[in-house]
Ligand SMILES: Cc1cc2nc3c(=O)[nH]c(=O)nc-3n(C[C@H](O)[C@H](O)[C@H](O)COP(=O)(O)OP(=O)(O)OC[C@H]3O[C@@H](n4cnc5c(N)ncnc54)[C@H](O)[C@@H]3O)c2cc1C
Ligand SMILES: *[C@@H]1O[C@H](CO)[C@@H](O)[C@H](O)[C@H]1NC(C)=O
């Protein structure tokens, strides 16, 4: 190629960058493995290898052709990544929230969008395992853990986003069924997935009137909107999910009537750590891409990495990445231990890591100059994929609300 440095930073070379960086990472500051147990280092390596070999070589194609990589995800599930924190007796891996974070962080270096979908799927499987009857757990969890079936989380509606407790989708009890009416917006996986975990209104206004039911694809009255065109997250479809007199057995309810909002929020506590972890992986990959690019690109007669300005930028990026990772892992531990500060820490981790990591990826793009803006280079995809992490699973403004509420509430 006549473009200086192009062979270093193009997308296929991300694979080798990641492979060498895993070894490199043991020596360099952005290492993701210090302080981990031997077992954690082991599955982290498995996840990094999967990211480098099975995901990174395809991430551009999945993005550009909007491919939902079902077979790749099933391979990931064979490694235990389909139900990481689901209990083993229904097919899960039974790992901790910290273990989960380590895995999503590593996978995300290979394709952030695909990993983020896998994280939503894991959240749904955990909700069924934790709040479902034994019958429901046995019916759904094994197929979800193997990713024979895929799941979607359905909370947001066209008129209810940040104010999720105002949702309107109604579920009226008729005999031994709930009849659902209403629509959900922005559902990740929607239309391509098999199992829908749906928050709906069985009672009065507010959070206490909400229940959570599992709706299977193929149920009469369940349909989908058009596939949304998005800035990023293109390896997973996003559609509206529509219910028109959709009858669901009462036995498909998770928890008791009125507990649905609570279940939805419990799912999101872990979801927020997972999304934050996906942001760490995107930032990690972007730091490596920027490092490699400025190490070979020459301007003003020397490599860019001789510029102290760019050295300092790289140092700041690594520092912000490590600070984000420390906070995410601490929040994961707090959630695992069910500590009283867990909800706030999960919100802080999501707010801080998704903002910082977006800024790191964006800075990495800047360090690529014009090449960073070309789709031949992986860094722009990380920027596009990670942007939405500041918006979903509760916007970062909603994270501030949760943290402030905790600070201002007398205990
Ligand atoms: C690609 C994608 C995938 C998604 N996947 C899913 C999914 O799988 N399941 C699901 O249920 N949802 C999903 N969502 C929806 C997502 O969770 C919502 O978009 C998000 O919660 C924000 O809601 P909204 O879009 O209605 O924005 P709004 O609530 O309308 O907010 C608009 C802006 O105003 C701010 N704002 C709102 N209220 C306040 C306030 N009181 N103070 C300060 N600022 C405020 C918000 O932070 C935001 O910046 C997805 C969204 C996207 C884009
Ligand atoms: C669902 O909506 C349709 C169309 O608005 C209406 O005819 C039907 O009665 C509703 N069903 C229930 C159970 O509310």
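In the working numbering, the protein residues as written are 909 to 1319.
Even glycine gets a Cβ: it sits at the ideal position worked out from N, Cα and C.
Going straight from the alpha carbon of residue i to that of residue j, what length do you get?
i            : j            : result
residue 863  : residue 1112 : Any answer about residue 863 is impossible in this case: the structure gives the chain only from 909 up to 1319.
residue 1078 : residue 1154 : 10 angstroms
residue 1314 : residue 1308 : 10 angstroms
residue 1052 : residue 1242 : 26 angstroms
residue 1311 : residue 1317 : 10 angstroms
residue 974  : residue 1145 : 8 angstroms
residue 1299 : residue 940  : 25 angstroms
residue 1229 : residue 978  : 30 angstroms
residue 1136 : residue 1064 : 15 angstroms
residue 1109 : residue 1171 : 14 angstroms
residue 1121 : residue 951  : 33 angstroms
residue 1251 : residue 1304 : 14 angstroms
residue 1116 : residue 1169 : 7 angstroms
residue 1302 : residue 1234 : 21 angstroms
residue 1158 : residue 1047 : 15 angstroms
residue 1022 : residue 1141 : 8 angstroms
residue 1119 : residue 1031 : 17 angstroms
residue 1187 : residue 1164 : 34 angstroms
residue 1041 : residue 1291 : 41 angstroms
residue 1279 : residue 1149 : 39 angstroms
residue 1138 : residue 1244 : 34 angstroms
residue 1269 : residue 1227 : 13 angstroms
residue 1329 : residue 1212 : Lying outside 909 to 1319, the shown extent of the chain, residue 1329 is not represented and no answer is given.
Using only CA atoms, which one of the options lies nearest to residue i?
i            : options                   : result
residue 1358 : 1302, 1296, 1288 and 1297 : Only positions 909 to 1319 of the chain appear in this structure, which leaves residue 1358 out of reach.
residue 1357 : 997, 1090, 1059 and 1196  : Any question about residue 1357 goes unanswered here, given that the chain covers just 909 to 1319.
residue 1161 : 1072, 1037, 1265 and 1022 : 1037
residue 1093 : 1213, 1133 and 949        : 1133
residue 1073 : 1166, 1088, 1294 and 1095 : 1166
residue 943  : 1238, 1252 and 1281       : 1238
residue 1246 : 1189, 1127, 1177 and 1083 : 1177
residue 1091 : 1081, 1068 and 1102       : 1068
residue 985  : 954, 1206, 1004 and 1005  : 954
residue 1055 : 1025, 1039 and 1070       : 1025
residue 961  : 980, 1131, 1188 and 976   : 980
residue 1217 : 1102, 1291, 1057 and 1274 : 1274
residue 1127 : 1202, 965, 1209 and 1151  : 1151
residue 1257 : 1199, 1225, 1180 and 1267 : 1180
For residue i, write down the residues that DSSP places opposite it in a beta bridge.
i            : result
residue 1157 : 1085
residue 1109 : 1078 and 1118
residue 1162 : 1120
residue 1146 : 1096
residue 1131 : 1150
residue 1104 : 1060 and 1123
Residue ranges of each beta strand (DSSP E) within the segment 1202 to 1270, 3 or longer = If we require 3 residues or more, the segment 1202 to 1270 turns out to have no beta strand (DSSP E) run fully inside it.
Any beta strand (DSSP E) of 3 or more consecutive residues that is wholly inside the segment 1017 to 1102 = Qualifying beta strand (DSSP E) stretches, in chain order: 1059 to 1062, 1078 to 1082 and 1085 to 1096.
Can you list, in chain order, the stretches of the alpha helix (DSSP H) that have 4 or more residues and sit fully within the segment 1268 to 1304?
-> Annotation: the segment 1268 to 1304 contains the following complete segments of the alpha helix (DSSP H) (minimum length 4 residues), in chain order: 1287 to 1295.
Around ligand 2, what residues have a beta-carbon under 7 angstroms from a heavy atom of it, in chain order?
-> The answer, residue by residue, is 1078, 1080, 1082, 1087, 1089, 1152 and 1153.
What are the complete alpha helix (DSSP H) segments, minimum 4 residues, inside the segment 974 to 1016?
-> Positions of the alpha helix (DSSP H) runs, each at least 4 residues long and wholly inside the segment 974 to 1016, are given as 978 to 986 and 1005 to 1016 in order along the chain.
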